[in-house]
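Q:
There are 2 protein chains.
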Amino acid sequence: MTTIKDVAKTLNISITTVSRALDGYSDVSAETRQRVIDAARIMGYSPNRAARQLRKQKSETIGFILPASALRFDEPFFTEFVSGLGDSLSRNNYDLLVANATSDEQECYFYNRWINGHKVDGMVLNRLQVNDWRIKILTDARFPFTTLGKTPDSKEYPHVLVDGSQAYLELIQHLQAHGFTRIAFIGGPPRLINHQNQVQWIKTAIQNCGLPFDPELILSAELNSSSGYSTASQLLELSKPPDAILCINDETAFGTLSAAHAHGLNIGKEIAIAGFDGVHESRFTEPPLTTLDIPLFDIAQLLADMLLEKINGNPLEVDEVTIHPNLLVRASTGG
Amino acid sequence: MTTIKDVAKTLNISITTVSRALDGYSDVSAETRQRVIDAARIMGYSPNRAARQLRKQKSETIGFILPASALRFDEPFFTEFVSGLGDSLSRNNYDLLVANATSDEQECYFYNRWINGHKVDGMVLNRLQVNDWRIKILTDARFPFTTLGKTPDSKEYPHVLVDGSQAYLELIQHLQAHGFTRIAFIGGPPRLINHQNQVQWIKTAIQNCGLPFDPELILSAELNSSSGYSTASQLLELSKPPDAILCINDETAFGTLSAAHAHGLNIGKEIAIAGFDGVHESRFTEPPLTTLDIPLFDIAQLLADMLLEKINGNPLEVDEVTIHPNLLVRASTGG
DNA sequence: CTGAAAGCGCTTACAG
DNA sequence: CTGAAAGCGCTTACAG
Chain A
101 MTTIKDVAKT
111 LNISITTVSR
121 ALDGYSDVSA
131 ETRQRVIDAA
141 RIMGYSPNRA
151 ARQLRKQKSE
161 TIGFILPASA
171 LRFDEPFFTE
181 FVSGLGDSLS
191 RNNYDLLVAN
201 ATSDEQECYF
211 YNRWINGHKV
221 DGMVLNRLQV
231 NDWRIKILTD
241 ARFPFTTLGK
251 TPDSKEYPHV
261 LVDGSQAYLE
271 LIQHLQAHGF
281 TRIAFIGGPP
291 RLINHQNQVQ
301 WIKTAIQNCG
311 LPFDPELILS
321 AELNSSSGYS
331 TASQLLELSK
341 PPDAILCIND
351 ETAFGTLSAA
361 HAHGLNIGKE
371 IAIAGFDGVH
381 ESRFTEPPLT
391 TLDIPLFDIA
401 QLLADMLLEK
411 INGNPLEVDE
421 VTIHPNLLVR
431 ASTGG
Chain B
101 MTTIKDVAKT
111 LNISITTVSR
121 ALDGYSDVSA
131 ETRQRVIDAA
141 RIMGYSPNRA
151 ARQLRKQKSE
161 TIGFILPASA
171 LRFDEPFFTE
181 FVSGLGDSLS
191 RNNYDLLVAN
201 ATSDEQECYF
211 YNRWINGHKV
221 DGMVLNRLQV
231 NDWRIKILTD
241 ARFPFTTLGK
251 TPDSKEYPHV
261 LVDGSQAYLE
271 LIQHLQAHGF
281 TRIAFIGGPP
291 RLINHQNQVQ
301 WIKTAIQNCG
311 LPFDPELILS
321 AELNSSSGYS
331 TASQLLELSK
341 PPDAILCIND
351 ETAFGTLSAA
361 HAHGLNIGKE
371 IAIAGFDGVH
381 ESRFTEPPLT
391 TLDIPLFDIA
401 QLLADMLLEK
411 INGNPLEVDE
421 VTIHPNLLVR
431 ASTGG
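Chains as they are written, first to last, in my numbering: chain A, 101 to 435; chain B, 101 to 435.
Now the structure itself:
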């Protein structure tokens, strides 16, 4: 393969000059720079990343790990999220390393390998949990990271926060206006911070609307359509079933729609169903799904941008950005 | 950060021995090895990847680029695929670098950066096109890669092939048995090899069933639900509309289902709709979607495994694995 | 079984 | 504006 030496030899100049010309330093004559750039292109030269990383002591790479419990879950989420991260990173000549951990153990192995081994300069986390060990490890190591969501006990890292309190209030007022008053929620694993937040928003909104809040209608599922289906089926078979089912994400809502169809219910009329995230497919369900839309691509970009600032030691103007979901009313809630 | 020197100093041995103990060489005494392993764990030592890569002249990383045209398309595909790749790779202590290119130009930039810069040891490609420039570049550079699908002009790289001819024959026989005989197809961009293959399979199957093949019922869309919706709407407004619509993937079929609902059609009775891929969500549409299921996770694993063999210079027993989709008959085709 | 030493390909003070 | 040289942290012949 072509190295910096080859380029230097071809042009009869030093490797120092080649390196400086390519990296855009100002103290290289315009003519020399152009010759170097041309030669590099013709010879197919691109600096060896490992050598560069070793010398610069940074990898120009950031990492994202799909947590253990998320394998094959929450699929549209993942694509949007990775696209958003990649978009920001490539603009800054950073690369994105991705892994899917199938257990906490494996995830921990990746952290060790990537962080202690300097394979990445920073990490982006999502799906925070109560007492999240990842946050503890990263904080202790003083390793740069950003998160989607935040843990209650700390705010020492830049993060993007989703605040659904207002949007849920609107949603529940809308439900109430259409006569849906017995409201259930299909959430995720209880340790998930996001689950706890959603329950809180919904509870508050229900009470603010003067409706009864029934804790028995709060269930945990696994963030995918299968689990949404079976959990919704349970709800529909209660002696006093709900007339509205809110879901922690759109995937879960897809399963819920299917369960309601299987029960012969007229969705939007006899029962209301809503999702969260506003994924693309939600427009095309039968009936179209009411959902709380969040700009996942933009959020991921933001997390990447904040992380790069942090890595480069730049002060952040804001280290907490709050996103308010946008209520998209569609036919699944009678809208 | 902890380096190999720190570990060596702590144990009063040479860095040579530390390196050999950690990498599992046999010529280290069991006792020394254990001491080294323990010290490394306690001190939080993991070999600097850049130094290791530079010395070994390999990155222990492979790359996957989501092609330009695929941004935010085909979402469930991406998750399954990346999960499958990551699963195999991590088992072999390889990492996965991912990028989403938003243009051919940008994609080319990544190839240059990653390959000439030795950032990755191999690449996995999907969505092959006619005269695919990526294949040309990689072949010319003698750079290891594997592909999902293959180009007609070459077979010099290991690949996984999907052969839908048999499954489509079964599907069309099934349609015929239920009285659906005017069959349309919503494909993808015409340059996509996969599109061309699907058209061929469908055409052959239709003719083998003694049905008329109408080229006007073959349309191109963009592999997502929106595009499926609008393209299906066009089909349904023809003076002689089809009574069956096959789709290049499940996403497109989701949009098609929605369009059929919007036209007030009784799906499975007045019109049949089928997808391709067998993504998770296809079970939960209304009605559930008939689809040709392929094991995407397994396919990705296979592609990663073949690539690693290639990288390590091992001879491959097989460099072409053919997958036959499995017809899942559900209510959307009256099944 | 263990260690001293070379060298992977860069970037960057430093000198001129 | 350009170049000679050091050194990033490893792995691996090689010697003992």
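All C-beta atoms, glycine included, are put in the ideal place defined by N, C-alpha and C.
Between A151 of chain A and chain B, is the shortest Cβ-Cβ distance under 7 Å, so that the two count as touching?
A: yes
Q: For I165 of chain A, report the span of its beta strand (DSSP E) as first-last.
A: 161-166
Q: Looking at the unbroken beta strand (DSSP E) that takes in L225 of chain B, where does it start and where does it end?
A: 222-225
Q: Can we say the segment 258-272 of chain B touches the segment 383-392 of chain B, given the rule of at least three CB pairs closer than 8 Å?
A: yes
Q: Please check if any C-beta of chain A sits within less than 7 Å of the C-beta of H361 of chain B.
A: yes
Q: Could you work out which residue in B:L225, B:D240, B:L365, B:D204 is closest to I293 of chain B when comparing CA atoms only?
A: B:L225
Q: Identify which residue in A:S382, A:T103, A:Y329, A:L317 has its Cα closest to the Cα of H361 of chain A.
A: A:Y329
Q: Name, going along the chain, the residues of the segment 121-145 of chain B whose beta-carbon falls closer than 8 Å to a beta-carbon of chain A.
A: G144, Y145
Q: Quick one: measure Cβ to Cβ for V182 of chain B and I394 of chain B, integer angstroms, because I've assumed they're closer than 8 Å.
A: Incorrect: roughly 16 Å between the Cβ atoms, too far for contact.
Q: According to DSSP, is N426 of chain B helix, strand or coil?
A: Under the three-state reduction of DSSP output, N426 of chain B falls in the strand class.
Q: At a cut-off of 6 Å, is V230 of chain B close to the ligand ATP when judged by its beta-carbon and the heavy atoms of the ligand?
A: Inclusion of the ligand ATP in the displayed structure is not the case, the ligand content being empty and no account of it being possible.
Q: Quick check on DSSP: helix, strand or coil for G264 of chain B?
A: coil
Q: Could you tell me the alpha carbon to alpha carbon distance between N192 of chain B and L122 of chain A, rounded to whole angstroms?
A: 35 Å
Q: Return the Cβ separation of G279 of chain A and K410 of chain A in integer angstroms, given the expectation that the two are a contact with Cβ distance under 8 Å.
A: The C-beta distance from G279 of chain A to K410 of chain A rounds to 49 Å, too long to meet the 8 Å contact threshold.
Q: Quick one, which of A:G184, A:T281, A:Q300 has its alpha-carbon nearest C309 of chain A's?
A: Ranking A:G184, A:T281, A:Q300 by Cα distance to C309 of chain A puts A:T281 first.
Q: Could you name the residues of the segment 215-230 of chain A whose beta carbon sits closer than 7 Å to any beta carbon of chain B, in the order they occur along the chain?
A: Along the segment 215-230 of chain A, going in chain order, the ones with a CB nearer than 7 Å to a CB of chain B are N216, G217, H218, K219.
Q: Helix, strand or coil, according to DSSP, for V421 of chain B in the structure here?
A: strand
Q: In the structure shown, what three-state DSSP assignment does A404 of chain A receive?
A: helix
Q: Once the 5 residues before and after L311 of chain A are set aside, which same chain residues still bring their CB inside 6 Å of it?
A: T281
Q: Just curious, the beta strand (DSSP E) that N283 of chain A is in, first and last residue?
A: The sequence shown places Ile at residue 283 of chain A, not Asn. It spans 283-287 - the beta strand (DSSP E) in which I283 of chain A sits, taken as one unbroken run.
Q: Which of helix, strand or coil does DSSP assign to T103 of chain A?
A: coil
Q: Going along chain A in order, which residues have a C-beta closer than 9 Å to the C-beta of R242 of chain B?
A: Here the premise fails: no neighbours, minimum Cβ distance about 11 Å.
Q: For P290 of chain B, collect the residues of the same chain with a Cβ closer than 7 Å to its Cβ; drop the 5 residues on either side in sequence, then sort them by chain order.
A: S320
Q: Among the residues of its own chain, which have a CB less than 8 Å from the CB of T110 of chain B, if the five just before and after it don't count?
A: A139, M143
Q: So, L336 of chain A versus A284 of chain A, is the Cβ gap smaller than 7 Å?
A: Going by C-beta atoms, L336 of chain A is not nearer than 7 Å to A284 of chain A.
Q: Sort out for me which residues DSSP pairs A374 of chain A with in a bridge.
A: A:L346, A:T390
Q: Strictly below 9 Å CB to CB, what residues from chain A border G364 of chain B?
A: Per Cβ cutoff of 9 Å: no residues; G364 of chain B is ~12 Å from chain A at best.
Q: In its own chain, which residues sit with a C-beta less than 6 Å from the C-beta of L189 of chain A, not counting the 5 before and 5 after it?
A: L196, A404
Q: Taking the beta strand (DSSP E) that I318 of chain B belongs to, which residues open and close that run?
A: 318-320
Q: Smallest Cα separation from Q401 of chain A: which of A:T202, A:V260, A:Q157?
A: A:V260
Q: Give the C-beta separation of I373 of chain A and H295 of chain A to the nearest angstrom, bearing in mind that I take them to be a contact with Cβ-Cβ under 8 Å.
A: The Cβ separation is near 18 Å, so there is no contact.
Q: Which value, in whole angstroms, describes the spacing of the CA atoms of E370 of chain A and D343 of chain A?
A: Rounded to whole angstroms, E370 of chain A to D343 of chain A spans 7 Å at the Cα level.
Q: Which two residues bound the contiguous beta strand (DSSP E) that contains A199 of chain B?
A: That run of the beta strand (DSSP E) goes 195-200.
Q: Can you tell me which of A:T433, A:L338, A:G355 puts its alpha carbon nearest to the alpha carbon of N366 of chain A?
A: A:T433
Q: Less than 7 Å separating the beta-carbons of D419 of chain B and P258 of chain B?
A: yes
Q: Under DSSP, the beta strand (DSSP E) around F245 of chain B begins and ends at which residues?
A: Note, F245 of chain B: beta strand (DSSP E), 245-248.
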